[in-house]
Structures are given as structure tokens and as C-alpha cells.
Ligand code: HEM
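In my numbering, the protein residues as written are 7 to 415.
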């Protein structure tokens, strides 16, 4: 008998208003999301998702499950964008590993993200945001995703990694091409990034500086078996891609959320002390812009809260769904800049557990600075189109993203 599952469009995955009926179908919903073409268990409840992210019976590396049926979800998406096989190795190094292997890689990445290094970026990012505001307001109009989110996020991660200013516009263009998921653009961009990092690694090997790539290539700088060029390229691709695209789109979403809630924006302007501790976390919850977390795989057959999960089954957390779960948040579809999300981080926009986003502190800092510069210190910016004219594009198998945010001053 063929398996029964529902189909979800990427637009549904990203739309909190459509989750009511999905929540009624149990803790795990068997579904296929457009663009991935593999049945997955979709998790929409906050508690269920948190439990799964901390349960060692769900793992990231499907290749550790010999005999488990079906291709991996990541490979499936790479195939859809026409990625040649020889490039698959550059994807998922950290995100698709578990246990000790994951911890060793994560410790390497964590070197770039200490609170001290992130906080040291504040003054520079404030200047960058101010300069971008001055340029956009002088022009009178612009797109806040390509002309604010992308350059600000690029400046942040490149500063942390030590990538020279002259190389940043090209790197930013490649990352923008990746976000299109269009095979004609995705594959050349990956080739460009890989060749760029091969060249940078060679340069840093012969003339080290104090940047992250130099630390990565330095003999004795980390475990010898991690010194392989492919590993350093994968880490660099991961950091530039995750460091640029998610904040670029989120910053647009966050500004849009406040512009579409003038009462909440007015409240924040009169009480700017709410910004860092309340409004920023609430914006991450409300405007969840990474709609789904990385896929996990059941390592054995078992029942999860009454659902029969089979070894090898992929499980996909809906971060939009969990961040709008009425059992966890009162009136979840309301933006409330004074909301108290409770102890800890309070939302799951950055995931939870061992794969929790390493760039969360940086993303929060960028958001605080952008809201402060563009909506509190300077006022008068407004949407240049009606909200229903805004365009969104599909992230195959993962949801949708806002394409651009046209504003005028
Ligand atoms: C709006 C901003 C951001 C959002 C919403 C976001 C969200 C996420 C989410 C949901 C995950 C996956 C968690 C999982 O699979 O369980 C993740 C992982 C990750 N993020 Fe972010 N992220 C953001 C910004 C950043 C930035 C600025 C960086 C900096 C490089 C970054 C680096 C990473 C890395 C390296 C991982 C993989 C961690 C691991 O697998 O151990 N992210 N992020």
C-alpha cells in the first residue's frame, strides 16, 4: 500500500496563519514540502520540537544509518539545483554531523564568535548602518534587503573572518546568487566561492595574518585532520553563506513587521529601552525568517508521542510553526515589542541544542543596530509599495523569503 502524506507549499510553511489545521494532525505531520519531494515528519509544536532537538535518537548524519532507506534531504535539494556531485562535499560539514565529530568542528567555528569578538564589532556596524542610512535617504528610496541587509551582514561576517574589503562585494554577489536556488545561478556561484577560498587559503598559508582563515590553516592551529583544504573551504562557505543570507532577509522582515504595526513602532520609539531585551527577541519569534531547521533522522524505530517513527525517517522542525504555537505564546500572531519570552532565549528561531545557531549573538546585534538606526534615531521611512504587492520567493522544501523591501524616505 502506498504511503499517505499531505503536500505543503513553501508559502504555507512560511505562513503562521495556515498552521491551525496542521496542529490538529498530531505532534508529527507526515508531509512532502514542494521542492524536496521526500516525505518528512514535520514538527509544528514548540515542546515537541524542543524535545526532538535534544533527543539523541534523532541525528543529523544520515550516512551513519547503513541500510536506512532513501536519499538525504540535503542531497535531494542539491540535486534539484543541479549541483554537480563533486561539490556535494562542501555542504553540510558542520550542520550534518553529530556527537564528537560535530563538537570538534563547532569548536573551530566558535573561535570566530566569542562574545568579545562580536561585541567588538558594534561601533563599526553602527557606522556602517549610519552610512547606509545616509546613502539611502539621500537617494530618497531603495530596497532594504539588497541595499541594507546584504551589505551590513556581509560587512559583519567578513570583519569577523578577516576578509578584505576589496573582496566583499564579489562574495556578497555570490551569496545573493545562492539564495535564488536557480540552477543557472547557484552552481556558478558555488564554483566562484570555492575557487575564491582556495586562493585565499593559499595566500594565508604563504603569508598568514591574524584572521580566521590564517588560524584555520596554521599547522598546530587545530587538529591535523581538520587542516585539509576541503574542510577549510566547507567551513568558510558555511560561515559566509549562513552569516550573510539569513540576516539579510531577516533584517528586511523585521523592519517590515514594525512598519506594518505603527502602534508597536510608536511604543518602541517612546520606550527604546525595550529594544535589545524585548523587541529584538520578539521580532525573531514573530518574523521567523529561517522557516525550517536543519533535517534530523530517526536513528531507530520508535514511537514519538504516539507517532510511529521508522529508522532513517527525516524530521523537519517548522520554526515558523513552533514560534507561533498558541500553547507556548499567548496571542502568537500579535507583534508585541514588550513581550517577555521568559527564561533563556524564549523562541526557537535559532534552533536549540547542540546545533544552536553559532551566529545568534551577531544576528541580534545587527538587528538592534538596524532598528535603532532606521526606525528610532531616524524616522520618516515608509513602505514604497502596498503590503500585498510585496514579492516572496521559494526556498525549495523549506518555505519562502521576502524578495525585496522597497521603502522611501
Ligand atoms: C537572522 C539571522 C539568523 C537566523 C534566523 C539563523 C538561524 C539558524 C538556524 C535555525 C540554524 C539551524 C539550527 C538547527 O539546524 O537545529 C542555524 C545554524 C547555524 N547558523 Fe544561524 N541564523 C542566523 C544568522 C547566522 C549568522 C549571522 C551566522 C554567522 C556565520 C550563522 C551561523 C550559523 C551556523 C554556523 C549554523 C550551524 C550550527 C551547527 O550546525 O552546529 N547564523 N542558524
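Idealized CB from N, CA, C, for every residue including glycine. These figures come from a predicted structure and were not determined experimentally.
Residue i CB to nearest heavy atom of the ligand HEM below 6 Å
| i | result |
| --- | --- |
| residue 80 | no |
| residue 391 | no |
| residue 91 | no |
| residue 164 | no |
| residue 256 | yes |
| residue 144 | no |
| residue 72 | no |
| residue 356 | yes |
| residue 363 | yes |
| residue 253 | yes |
| residue 100 | yes |
| residue 155 | no |
| residue 248 | yes |
| residue 112 | yes |
| residue 328 | no |
| residue 168 | no |
Residue i, enclosing beta strand (DSSP E) - first and last residue
| i | result |
| --- | --- |
| residue 302 | 302-304 |
| residue 37 | 34-39 |
| residue 14 | 12-14 |
| residue 48 | 46-49 |
| residue 57 | Per DSSP, residue 57 belongs to no beta strand (DSSP E); it is in the alpha helix (DSSP H), 52-59. |
| residue 173 | It is not in any beta strand (DSSP E) - residue 173 carries neither H nor E in the DSSP assignment. |
| residue 149 | 147-149 |
According to DSSP, residues forming a beta bridge with residue i
| i | result |
| --- | --- |
| residue 403 | Looking at the DSSP assignment, residue 403 forms no beta bridge with any residue, so it has no partner. |
| residue 408 | 398 |
| residue 314 | 309 |
| residue 133 | Residue 133 pairs with nothing; no bridge assigned. |
| residue 320 | 303 |
| residue 298 | 324 |
N- and C-terminal bounds of the alpha helix (DSSP H) containing residue i
| i | result |
| --- | --- |
| residue 286 | 286-292 |
| residue 261 | 235-265 |
| residue 189 | 189-212 |
| residue 327 | 325-329 |
| residue 167 | 156-167 |
| residue 377 | 366-377 |
7 Å Cβ cutoff met for residue i and residue j
| i | j | result |
| --- | --- | --- |
| residue 183 | residue 172 | no |
| residue 41 | residue 402 | yes |
| residue 260 | residue 373 | yes |
| residue 386 | residue 20 | no |
| residue 264 | residue 381 | yes |
| residue 355 | residue 415 | no |
| residue 274 | residue 100 | no |
| residue 357 | residue 299 | yes |
| residue 239 | residue 203 | yes |
| residue 127 | residue 170 | no |
| residue 48 | residue 322 | yes |
| residue 151 | residue 249 | no |
| residue 416 | residue 251 | The shown model of the chain, from 7 to 415, leaves out residue 416, and the question about it has no answer. |
Any C-beta of chain C under 7 Å from that of residue i
| i | result |
| --- | --- |
| residue 272 | The structure shown has no chain C; it contains just one protein chain. |
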